[in-house]
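Worksheet for the structure shown next.
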Amino acid sequence: MSNKSKWLITNISIVLALSINMPIMNANTLGELEKRQLETERKKSELYTGIKDKTAAISTNQTELYKIMDKITELSNKINEMEYHVAEVQEEVNQRKIEIDELKMSIEIFENKITERSELLKERVRAIQISGGSIDYMDVLLSANSFVDFIDRFSAVNTLIEADREIMIKQVEDTKLLAKQKVIVETKLIEQKERHSTLQNMNDLIATQKIEHAEFVVELTAEQQRLTISKSELENRFEEELELSEKLEKQILDEQDRLAELARKAEEERIRNLSSNQFSLDFMDKIDNSPFMRPAAGQHTSGFGGRDIGDGAETHLGYDIANATGTSVVAAADGYVSFAGVMGGYGNVVILTHSINGQTHATVYAHLNSINVTLSEFVSQGQQVGGMGNTGRSTGTHVHFEVHVGPWNGSRSNAVNPAQYIW
19 MSNKSKWLIT NISIVLALSI NMPIMNANTL GELEKRQLET ERKKSELYTG
69 IKDKTAAIST NQTELYKIMD KITELSNKIN EMEYHVAEVQ EEVNQRKIEI
119 DELKMSIEIF ENKITERSEL LKERVRAIQI SGGSIDYMDV LLSANSFVDF
169 IDRFSAVNTL IEADREIMIK QVEDTKLLAK QKVIVETKLI EQKERHSTLQ
219 NMNDLIATQK IEHAEFVVEL TAEQQRLTIS KSELENRFEE ELELSEKLEK
269 QILDEQDRLA ELARKAEEER IRNLSSNQFS LDFMDKIDNS PFMRPAAGQH
319 TSGFGGRDIG DGAETHLGYD IANATGTSVV AAADGYVSFA GVMGGYGNVV
369 ILTHSINGQT HATVYAHLNS INVTLSEFVS QGQQVGGMGN TGRSTGTHVH
419 FEVHVGPWNG SRSNAVNPAQ YIW
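Listed below in structure tokens is the structure:
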């Protein structure tokens with residue numbers, strides 16, 4: 019294309035752009051909407067991550083709660099066993115108390131018997147002392163009046179002697195038994211005291227464990243409720259952002275359609291003017307065959323498709339042209355600026371919306387070191403939109419050029435190989 023032709027096309031385009039009744043755009047134009055959409059997507063991503071984290075925390079907490087509940091069930095079983103054992107010990111304590119009471123009564127009886135025998139023995143001793151220190155059983159026998167009386171007296175004497183002997187033996191035995199029973203009672207009282215102490219310790223332990231586990235369950239349940247409420251709040255916010263995102267997406271599509279319609283009308287007018295000015299047929303053939311021109315001079319370094327620039331395999335959705343920093347990057351076709359600014363891995367980027375043969379197209383010019391156009395501005399084919407740079411996710415100075423059949427979207431689903439268009 020000659021310099022004269024380029025000059026003529028550029029001037030015709032400018033005149034047409036000024037003559038078309040083009041509305042003045044404010045800050046809430048396509049670029050602003052796309053920025054808001056990106057911010058909404060960022061918030062949605064953060065909220066989604068928060069929801070996933072809360073869900074994981076709830077799941078972990080629930081697992082811990084189940085474990086604690088299992089431990090509580092196990093503890094409850096142990097507590098039941100303990101309480102059963104406590105009941106057994108209590109029953110044993112009660113039984114030992116009865117036995118001790120019976121022993122005390124038995125001791126009292128023995129003590130009374132021993133006291134009575136002691137009195138009887140004292141009487142016997144006093145009787146012996148009165149009779150001169152001894153009892154003459156022979157005098158008792160010889161003083162009998164008859165044989166029958168003798169036999170009676172003899173039997174009585176034997177009975178007295180045997181009674182004294184039995185009293186003495188019984189007194190000794192009862193005294194020993196009394197001492198033994200007192201020892202048993204003392205031992206049982208000590209054991210009883212130990213049982214009472216054990217019983218108290220067991221009851222205290224049961225009460226403490228019940229309180230601790232009850233408090234832990236309350237705390238864990240409260241945490242679970244807090245996480246659930248927090249997750250619910252995040253989900254509500256996510257729904258709000260999703261609704262906003264859908265509204266913004268519709269506004270973006272509407273704005274893209276509006277810009278595409280403006281571009282279509284401008285393209286029709288441009289072609290009519292080119293025809294009326296009788297440009298060369300060769301030039302018209304080029305326009306018909308390829309609506310896009312090469313966006314920059316330089317070396318083609320990377321094409322459309324799979325590649326690896328050091329971060330692993332990826333799909334490259336553009337056409338890279340390398341040259342010196344600041345090399346002019348121009349519009350591949352007439353269109354409207356739908357975005358001009360910084361966007362993620364693109365770095366400094368310009369996105370144009372075009373109407374090609376009645377169909378919406380979009381072109382992308384990324385990694386620029388400067389931007390020469392503004393949002394919603396009409397640009398002509400060949401007009402500089404920026405300077406070649408190395409901004410964003412870039413490994414060297416170049417322009418990353420994309421062609422989209424249809425409007426540009428975040429997933430870049432409309433991207434096609436630019437090599438089939440540029441010349």
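Note that this note's numbering numbers the sequence shown so that position 144 is 162, with each residue one more than the last.
All residues carry an ideal CB built from backbone N, CA and C; glycine is no exception.
It should be emphasised that the depicted structure is a prediction, and the values quoted were computed from it without experimental measurement.
- In the DSSP assignment, Gln399 falls outside any beta strand (DSSP E), carrying neither H nor E.
- DSSP places Ile440 outside both helix and strand once states are collapsed to three, so it counts as coil.
- A straight-line Cα-Cα distance of about 11 Å links Glu261 and Asn254.
- Within the DSSP bridge table, the entry for Ser320 names Asp338 as partners.
- Per the DSSP secondary-structure output, Gln377 pairs in a beta bridge with Ile374.
- In the DSSP annotation of this structure, the continuous segment of the beta strand (DSSP E) that includes Ala358 starts and ends at 353-360.
- Counted as a single uninterrupted DSSP element, the beta strand (DSSP E) harbouring Phe419 occupies residues 416-423.
- In the DSSP assignment, Ser346 falls within the unbroken beta strand (DSSP E) covering 346-348.
- Cβ-Cβ separation between Val348 and Val391: approximately 11 Å, too far for a contact (criterion under 8 Å).
- C-alpha of Val360 to C-alpha of Thr81: approximately 45 Å in a straight line.
- Residue pairing for Leu386: DSSP places it in a beta bridge opposite Asn366, Met406.
- Judged by DSSP in its simplified three-state form, Val201 adopts helix.
- Looking from the CA of Leu83, the closest CA among Glu237, Val382, Gly428 belongs to Glu237.
- Shown here, Arg325 sits in a strand according to DSSP, grouped into three states.
- In the DSSP assignment, Ala433 is bridged to His422.
- Judged by their CB atoms, Gly321 and Val382 are not nearer to each other than the 8 Å cut-off.
- The three-state secondary structure of Ser94, taken from DSSP, is helix.
- Sequence-distant Cβ neighbours of Ala340 in its own chain, meaning closer than 7 Å and more than five residues away, are Gly316, Gln317, Thr319, Gly414, Thr415, His416.
- With fewer than 16 other CB atoms across the displayed protein chains lying within 10 angstroms of its CB, Asn219 is exposed.
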